[in-house]
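What follows is a single structure, written as structure tokens, with notes after it.
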Amino acid sequence: MNIYKFMQNIKGKEKIIAIICTVPDKKYEKKIAETLLKKKISFCINAFLKVNSYFYWNKKIQKVKEIVLVIKTISSLEKKVVKEIKKIHNYQIPEILSIKIDKVSKKYFDWSLKNIKI
């Protein structure tokens, strides 16, 4: 069975995107998730707890435990989501990465549009 029979290319104006953002703890995880969902500018957020992050800061390699948020939204709301993250986030330079989603199941796409403010 061809999996692509169950997938649709996202056409038209709206595209689903995933915004990746790391936060230091559950306080920021909850605040960002609840804010974005209540404002209906994200329809689903996954949190991956206690990941190891390695990076340079102040000329030294750092290792910290962080929470990775995968924030699903649509392309037309990306700027609003990023603005809210920046308002809440406590990092001097928060990690905010945006990934375009090329294929998604029709049912998931339809569900997502029902749970977001377009």
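Going by the working numbering, the first residue of the sequence shown is number 9, and it counts up by one from there.
The C-beta atom is built at its ideal place from N, Cα and C for all residues, glycine as well.
query                                                                                       : result
Within 8 Å, strictly: CB atoms of residue 44 and residue 79                                 : yes
Minimum C-alpha distance to residue 96 - residue among 33, 26, 22, 116                      : 33
Buried versus exposed, by CB contacts within 10 Å (16 or more), residue 85                  : buried
Residue 114 and residue 48 closer than 8 Å at C-beta                                        : no
C-alpha distance - residue 31 paired with residue 76, whole-angstrom precision              : 7 Å
Own chain, CB closer than 6 Å to residue 22, minus 5 neighbours either side, in chain order : 82
Alpha carbon of residue 89 to alpha carbon of residue 68, nearest angstrom                  : 31 Å
8 Å Cβ cutoff met for residue 121 and residue 27                                            : no
Proximity winner among 40, 59, 61, relative to residue 141 (alpha-carbon distances)         : With the chain covering only 9 through 126, there is no way to say anything about residue 141.
Residues sharing a beta bridge with residue 119, DSSP                                       : DSSP, once it has assigned bridges, lists no residue as partnering residue 119.
Separation of residue 100 from residue 64, as counted between CA atoms                      : 14 Å
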